[in-house]
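Colleague:
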């Protein structure tokens, strides 16, 4: 479960920005939208099942999600796949020369298996300059490990707790400058760090539904092979008024000599380092969707070819969403509402927050432009966030609660007239 995320000096984010899924305790509205895991030390706090992030185009809302993705990727990247000297891959704020030289900083607070953790990372384009981990198994902070690079002396200093985190000195010496200690420790099966590593690797799930995304249906297809999910997926498609009442998935070998076969194999070869033997065995997955015909029969339409973009994107969403709910994961989606009707998006959010469906503590964080979701019967005030750029191109992130809106306030109208920010400023209209 995500509790809080802090990021500084990454892409359009300059000063530290804080994103929190801690519920406002004084707000008692829509209680099923919150989680109360009773974590040691913070037992009275509730946490949010979902959060929406609004902002104008290029305001930086997607960069908040990108920062989370970067932290996950860096934390779990197999340590020895990244050669010494090739850098870290971070992208500091580039619109001011001073910030280009400063490290990017990330700190995340989360829980896994009933234990709260705080993991921090700071890195330049060349090396990690700080990494730390604290745990709160009994409510009090337990310092586990630290690393700190002194630029003046060129020395990396390591420390660890002899009480809570012993026997890692040899691994610390094996850790390269451009990788996380967490990934090295996981590579060598350091048991105490595996819940932390596992949360990053499996508990954080990302999905893009934007216009330029491929709407990868692979997760949904995988779940569809499981009888437990098959009928649920078809029912979710049918009740969404897609016209689909049945599905069939066929797998066939790709004809290497056909134009389509060569195109598929070429695409696979670009994405994976497959051998020629494996390329020859590439299979094509055909999804056939059954629709009722006027003559009381069925007509089969292929997906994606004959189904709408909205149906394909909705189908692609179902697998990750059901998987997140089943396993209590955090699902992060950029542009949730692309090609999806606002009423369908509303029902997706209702399902994701329903006590009857989501009883695992799963969470959903998404970006959107849809003002119709600004409905206090659907989302609480503390579930709504905005991103805005200032005159220097730096992103600010802030919650709706900063404006102390009334319980009966018309949020959609307030947002569209600019009361909360997060909208484009075009005072004289577009001029070609």
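In this note's numbering, the protein residues as written are 1 to 432.
By construction, the Cβ of each residue, glycine as well, lies at the ideal position given by its N, Cα and C atoms.
Name the residue from 35, 13, 14 whose alpha carbon lies nearest to the alpha carbon of residue 23.
Modeller: When only C-alpha atoms are compared, the closest one is 35.
Colleague: Can you name the residues that DSSP bridges to residue 7?
Modeller: Note: residue 7 sits in a beta bridge opposite 17, 106.
Colleague: In chain order, what residues of the same chain lie with their CB nearer than 8 Å to the CB of residue 100, ignoring the 5 residues before and after it?
Modeller: So the list reads 92, 93, 94, once near-sequence residues are dropped.
Colleague: Is the beta carbon of residue 171 less than 9 Å from the beta carbon of residue 190?
Modeller: Contact flag set, yes.
Colleague: Classify residue 7 as buried or exposed, calling it buried when 16 or more other Cβ atoms lie within 10 Å of its own Cβ.
Modeller: With 16 or more other Cβ atoms within 10 Å, it is buried.
Colleague: Could you check if residue 317 is buried or exposed, using at least 16 other CB atoms within 10 Å of its CB as the buried criterion?
Modeller: It is buried - the Cβ of residue 317 has at least 16 other Cβ atoms within 10 Å.
Colleague: Find the nearest neighbour of residue 305 within the set 327, 286, 160, 319, judged by alpha-carbon distance.
Modeller: For the residues 327, 286, 160, 319, the minimum Cα distance to residue 305 belongs to 286.
Colleague: Assign residue 377 to one of two classes, buried (16 or more other C-beta atoms within 10 Å of its C-beta) or exposed (fewer than that).
Modeller: Result: exposed.
Colleague: By Cβ distance below 7 Å, which residues in the same chain neighbour residue 123 in space, the five residues on each side in sequence not counted?
Modeller: Answer for residue 123: 88, 90, 103, 104, 129, listed in chain order.
Colleague: Leaving out five residues on either side along the sequence, give the residues of the same chain with a beta carbon under 6 Å from the beta carbon of residue 106.
Modeller: Taken in chain order, the residues that qualify are 7, 71, 121.
Colleague: Write down the C-beta distance between residue 63 and residue 12 rounded to the nearest angstrom, noting that I regard them as a contact closer than 8 Å.
Modeller: That pair is a contact at about 5 Å.
Colleague: If you count every other CB in all the chains shown that lies within 10 Å of the CB of residue 225, and 16 or more means buried, which is it?
Modeller: The residue in question, residue 225, is exposed, as its Cβ has fewer than 16 Cβ neighbours within 10 Å.
Colleague: Can we say the stretch 241-248 touches the stretch 353-371, given the rule of at least three CB pairs closer than 8 Å?
Modeller: They do not touch, by the three-pair rule.
Colleague: Under the assumption that residue 388 contacts residue 422 (Cβ atoms under 8 Å), give the Cβ distance between them as a whole number of angstroms.
Modeller: That belief holds up - the Cβ atoms of residue 388 and residue 422 are roughly 5 Å apart, short of 8 Å.
Colleague: Quick one: any contact between the stretch 366-380 and the stretch 331-342, if contact means 3 or more CB pairs under 8 Å?
Modeller: Flag = yes, the stretch 366-380 and the stretch 331-342 touch.
Colleague: When the Cα atoms are used, what is the spatial distance from residue 249 to residue 311?
Modeller: Each residue's Cα considered, the two are about 16 Å apart.
Colleague: According to the neighbour-count rule (16 or more other Cβ atoms, all chains shown, within 10 Å of its Cβ), is residue 235 buried or exposed?
Modeller: Residue 235 should be labelled exposed.
Colleague: Over what stretch of residues does the alpha helix (DSSP H) that includes residue 458 continue unbroken?
Modeller: Only positions 1 to 432 of the chain appear in the structure, and residue 458 is not among them; the question remains open.
Colleague: Can you tell which of 407, 402, 431, 430 has its C-alpha closest to the C-alpha of residue 419?
Modeller: The shortest Cα separation from residue 419 among 407, 402, 431, 430 belongs to 402.
Colleague: Bridge partners of residue 52, per DSSP?
Modeller: Note: residue 52 sits in a beta bridge opposite 366, 384.
Colleague: Please return the same chain residues whose Cβ sits closer than 6 Å to the Cβ of residue 168, not counting the five positions on each side in sequence.
Modeller: Closer than 6 Å at Cβ, skipping near neighbours: 160.
Colleague: Quick one: Cα of residue 16 to Cα of residue 246, how far?
Modeller: Rounded to the nearest angstrom, the two C-alpha atoms are 49 Å apart.
Colleague: Provide the residue span of the alpha helix (DSSP H) that contains residue 235, from first to last.
Modeller: Where residue 235 is concerned, the enclosing alpha helix (DSSP H) stretches over 227-239.
Colleague: Can you tell me the Cβ-Cβ gap for residue 59 and residue 379, rounded? I've got them flagged as a contact below 8 Å.
Modeller: Residue 59 to residue 379, Cβ: 19 Å. No contact.
Colleague: Measure the beta-carbon distance from residue 288 to residue 302 and round it to whole angstroms, keeping in mind my assumption that it falls under 8 Å.
Modeller: About 6 Å separates the two Cβ atoms, so the contact holds.
Colleague: Buried or exposed: where does residue 502 fall if 16 or more other Cβ atoms within 10 Å of its Cβ makes it buried?
Modeller: Here the chain covers residues 1 to 432 and nothing more, so residue 502 does not appear.
Colleague: Quick check on the DSSP output: what are the complete beta strand (DSSP E) runs of length 3 or more inside the stretch 143-169, in order along the chain?
Modeller: If we require 3 residues or more, the beta strand (DSSP E) runs fully inside the stretch 143-169 come out as 155-160.
Colleague: Let me check one thing: in DSSP terms, what residues is residue 186 bridge-paired to?
Modeller: In the DSSP output, where bridge partners are listed per residue, residue 186 has none listed.
Colleague: Taking the C-alpha atoms as reference points, what is the distance between residue 14 and residue 384?
Modeller: About 22 Å.
Colleague: Mind checking which residues open and close the beta strand (DSSP E) that includes residue 314?
Modeller: Note, residue 314: premise wrong, no beta strand (DSSP E); alpha helix (DSSP H) at 309-327.
Colleague: Between residue 350 and the rest of its own chain, which residues show a CB-CB distance below 6 Å, the 5 nearest in sequence each way excluded?
Modeller: Excluding positions up to five away in sequence, the list is empty.
Colleague: How long is the line joining the alpha carbons of residue 386 and residue 154, rounded to whole angstroms?
Modeller: Approximately 40 Å, taken between the alpha carbons.
Colleague: For residue 273, which residues of its own chain have a beta-carbon under 6 Å away from its beta-carbon, when the five flanking residues on both sides are left out?
Modeller: For residue 273, the predicted model reports a pLDDT of 44, less than 50, meaning its position is unreliable and no value from the coordinates is stated.
Colleague: Does residue 177 get closer than 9 Å to chain D when you measure Cβ to Cβ?
Modeller: As a matter of chain content, chain D is missing from the structure shown, which is built from one protein chain.
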